[in-house]
Amino acid sequence: MQVKLLWRVCLGLLLIGIAGGCDALNGKPEVNSNAAANAVQPIFAVKVGDADFTGSAGRQISDAYQPETTIKGLLAASGLVTFAGDGKSLETVNQISLSPGMAWQIQLNGKKAADLNAVVKREDTILITAEPLQDAEFQPVILTVNGGSSQPELTHSYVMPYTEDLTVRGMLKSSGLAHLAENNKTLLAVKEYKPLSNEEWKLKLNDKTLLDSGIDMKLRIQDKLEISLVLR
Numbered sequence: 000m001q002v003k004l005l006w007r008v009c010l011g012l013l014l015i016g017i018a019g020g021c022d023a024l025n026g027k028p029e030v031n032s033n034a035a036a037n038a039v040q041p042i043f044a045v046k047v048g049d050a051d052f053t054g055s056a057g058r059q060i061s062d063a064y065q066p067e068t069t070i071k072g073l074l075a076a077s078g079l080v081t082f083a084g085d086g087k088s089l090e091t092v093n094q095i096s097l098s099p100g101m102a103w104q105i106q107l108n109g110k111k112a113a114d115l116n117a118v119v120k121r122e123d124t125i126l127i128t129a130e131p132l133q134d135a136e137f138q139p140v141i142l143t144v145n146g147g148s149s150q151p152e153l154t155h156s157y158v159m160p161y162t163e164d165l166t167v168r169g170m171l172k173s174s175g176l177a178h179l180a181e182n183n184k185t186l187l188a189v190k191e192y193k194p195l196s197n198e199e200w201k202l203k204l205n206d207k208t209l210l211d212s213g214i215d216m217k218l219r220i221q222d223k224l225e226i227s228l229v230l231r
């Protein structure tokens with residue numbers, strides 16, 4: 000009798016354990032489904048002509064996103080942009096400034112965003128592009144100052160208009176950012192920063208190191224000239 004009673008108790012405990020396991024398994028897909036839904040975040044990109052300047056900006060937008068946030072609120076919270084005095088137009092985007100005659104355009108899902116107070120949904124796509132103010136072909140060249148890990152506050156990109164016969168030297172001089180030595184080749188200072196004894200400014204054109212002799216090279220539309228602070 001005692002053996003039969005003990006057997007029934009064990010059987011009951013076994014059935015309870017199985018039922019609990021089934022409940023846990025049945026609940027698991029629902030949790031994963033919610034997590035997957037929450038993982039969806041707005042897509043974000045920055046383009047200057049054909050060049051993509053998004054970098055890690057997509058992650059910053061994702062981190063700043065909150066339900067019911069507006070376009071303007073999301074951009075401001077991300078720290079990626081600075082707004083002009085009118086509170087609508089953009090001055091800088093992802094550490095990029097435009098020359099006079101250019102402006103930033105915000106697109107939401109492929110259309111120009113007419114209302115910055117529109118709510119951003121998780122599945123939305125935000126694209127910010129550099130555009131000419133006049134109805135003309137956009138022909139940019141890009142100058143980037145890279146301060147590296149020692150002077151990160153110097154890092155910034157500048158979008159400038161392409162002109163015929165524009166050279167590397169011409170771009171450096173017209174930017175007002177670089178101070179050349181008497182030989183018109185060596186960079187003495189960039190954005191008022193003079194390198195330390197173990198540092199120097201180096202030029203790259205389209206990610207390739209540029210020698211002193213290349214300073215007279217003619218630029219093409221969409222060329223990217225970079226001034227990098229490096230160790231000797």
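At position 228 of the sequence shown (counting the first as 1) the number is 227 in our numbering, and the numbers step up by one without a gap. Where a beta carbon is used, it is the ideal one built from N, C-alpha and C, also for glycine. Just so we're clear, the structure is a prediction, and the values are computed from it rather than from any experiment.
{"Asked": "So GLY100 and PRO194 are supposed to be a Cβ contact under 8 Å. How far apart are they, rounded?", "Found": "33 Å between Cβ atoms; not a contact."}
{"Asked": "Quick one: what does DSSP say ALA75 is sitting in, helix, strand or coil?", "Found": "helix"}
{"Asked": "On the DSSP letters alone, give me the boundaries of the alpha helix (DSSP H) that LYS172 sits inside.", "Found": "167–174"}
{"Asked": "Going along the chain, which residues of its own chain have a beta-carbon closer than 6 Å to the beta-carbon of LEU97, five neighbours each way excluded?", "Found": "ALA129 and VAL158"}
{"Asked": "Does DSSP classify GLU163 as helix, strand or coil?", "Found": "coil"}
{"Asked": "Figure out for me which residue from THR143, MET170 and ARG231 has the closest Cα to the Cα of LEU218.", "Found": "MET170"}
{"Asked": "Please work out which residues of its chain come closer than 8 Å, Cβ to Cβ, to MET216, disregarding the five sequence neighbours upstream and downstream, and give them in chain order.", "Found": "THR166, VAL167, LEU204 and LEU209"}
{"Asked": "Between ASN108 and ASP123, how many whole angstroms is the CB-CB distance? I'm expecting something under 8 Å.", "Found": "6 Å"}
{"Asked": "Exposed or buried, which one is LEU230 when buried takes at least 16 other CB atoms within 10 Å?", "Found": "exposed"}
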